[in-house]
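Reviewing the structure listed below.
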Amino acid sequence: MAADPLTRVFAALADPTRRDIVTRLAVADATVNELAEPYDVSLQAVSKHLKVLGDAGLVSRSREAQRRPVHLEAEVFELMTAWIERYRRQAEERYRRLDDVLRDLPDDVAPEP
Amino acid sequence: MTTTGTHQTQISADPDVPLIRIVREFDAPPEKVFQAHTDPALVAQWLGPRRHTMVIDHYDCRTGGSYRYLHVSDGNEFGFHGSFHEVRPPSLIVQTFTFEGYPDGVSLERLVLEPIGAGRTRLTATSLVDSFAARDAILASGMEGGLREGHERLDELLAG
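These protein sequences, in sequence, are chains A and B.
Residues in the first sequence are numbered consecutively from 284, following the numbering used here.
Residues in the second sequence are numbered consecutively from 68, following the numbering used here.
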């Protein structure tokens, strides 16, 4: 399942370790060894997380020398958050209109019998 | 209106099921928020996008009832309809929702209103659709275009 690009991104970010990795890569590129350091897991496990993030288009590995740092594809991340933000803003606009409706409703309105 | 911070709409997309969850708090008790969702004259004042005129064909918000409304803009009409599956004042509305431009699609909408003290209400609205692709399409488009463009941009980024 999850052939849809946006779904892969959501699924990739559903895991707290992967969200943490993304947060750290937002600061700077890092090698698998560096990324694995703070976690009590094997390099293999971290590589697995990176593969999920890579399949979702969120990170890439450069071929640069032996080091092969992991790089966050910030554009994909920002595009996804921009989409959700637009949807959220539409809902917020709708609910601000509801705020207005509620403010104008008389207080003595009784629930329907 | 007082502060805006406590009123901001929160959106989350479930990773395991094709569901969108919206949470928002209101400065009114559940009875009023419920009324604003069931009285068609009130619904028409807030539900539709601002640049569209909302025309209610019928809106019979009770268990077993149904609704249909149109958003009209520049001669274009967008119809929506569904059934009210369970309506329980002042805390629960479960309904189906179909955009008539895509009549095979249907989502199951669940609205829960909870009192949070001081005459305020927390609204939780979940929307369950039948595929992740449909869920993401809704999230990406906000039902109002831009979807294809968004997917193309994402395809480009992912291909690059």
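Ideal Cβ placement from N, Cα and C applies to all residues, glycine included.
Below 8 Å, can you find three or more Cβ-Cβ pairs linking the segment 89–104 of chain B to the segment 172–182 of chain B?
yes
Could you check if G217 (chain B) is buried or exposed, using at least 16 other CB atoms within 10 Å of its CB as the buried criterion?
Because the pLDDT of G217 (chain B) is 47, which lies under 50, any placement of that residue in the model is unreliable, and the number read from its coordinates should be weighed accordingly. Burial call: buried.
May I ask you to report which of helix, strand or coil DSSP gives R91 (chain B)?
strand
Quick one: residues in its chain with C-beta nearer than 6 Å to the C-beta of F229 (chain B), no 5 flanking neighbours on either side, listed in chain order?
Only positions 68 to 227 of chain B appear in the structure, and residue 229 (chain B) is not among them; the question remains open.
Checking 7 Å against the spacing of the C-beta atoms, do I89 (chain B) and A80 (chain B) come in under that value?
no
Buried/exposed call for E361 (chain A), threshold 16 Cβ in 10 Å
exposed
Within 10 Å of its beta-carbon, does T306 (chain A) have 16 or more other beta-carbons around it, so buried, or fewer, so exposed?
exposed
Straight-line CA distance for H119 (chain B) to S140 (chain B)?
5 Å
Quick one: residues in its chain with C-beta nearer than 7 Å to the C-beta of A319 (chain A), no 5 flanking neighbours on either side, listed in chain order?
Around A319 (chain A): L326 and V329.
Can a CB atom of chain A be found closer than 7 Å to the CB of T69 (chain B)?
Low per-residue confidence applies at T69 (chain B): pLDDT is 34, beneath 50, and the placement is therefore not dependable enough to give any value.
Work out the CA separation of E92 (chain B) and E271 (chain A) for me, nearest whole Å.
Summary: the structure shown does not reach residue 271 (chain A), with chain A confined to residues 284 through 396, and so no result is reported for it.
Span of the beta strand (DSSP E) holding S198 (chain B)?
Premise fails: S198 (chain B) is in no beta strand (DSSP E) and is neither H nor E.
From the beta carbon of I367 (chain A), is the nearest beta carbon of chain B less than 7 Å away?
yes
Using 7 Å as the limit for Cβ to Cβ distance, is E375 (chain A) near chain B?
Using a CB distance cut-off of 7 Å, E375 (chain A) counts as an interface residue toward chain B.
With DSSP run on the structure shown, which of helix, strand or coil describes R301 (chain A)?
helix
What residues in the segment 112–133 of chain B have a beta carbon less than 8 Å from any beta carbon of chain A?
Q112, W113, L114, P116 and R117
Does any residue of chain B have a CB that is nearer than 7 Å to the CB of F360 (chain A)?
no
So, helix, strand or coil for A80 (chain B), using DSSP?
In this structure, A80 (chain B) counts as strand in the three-state DSSP scheme.
Could you list which residues in chain B have their beta carbon closer than 7 Å to that of Y378 (chain A), in chain order?
T76 and R91
Under 7 Å between C-beta atoms, does A95 (chain B) make it to chain A?
yes
Secondary structure at D171 (chain B), three-state DSSP: helix, strand or coil?
coil
Thinking C-alpha only, which one of B:Y136, B:L159 and B:A185 is nearest E167 (chain B)?
B:Y136
Assigned secondary structure, S330 (chain A) (DSSP; H/G/I helix, E/B strand, else coil):
In the structure shown, S330 (chain A) sits in a helix (DSSP, three-state: H, G or I).
In the structure shown, what three-state DSSP assignment does H152 (chain B) receive?
strand
For a contact defined as C-beta to C-beta under 7 Å, what are the partners of Q162 (chain B) on chain A?
Residues of chain A with a Cβ closer than 7 Å to the Cβ of Q162 (chain B) do not exist; the shortest Cβ-Cβ separation is about 16 Å.
Roughly how many whole angstroms lie between the Cα atoms of M363 (chain A) and H332 (chain A)?
19 Å
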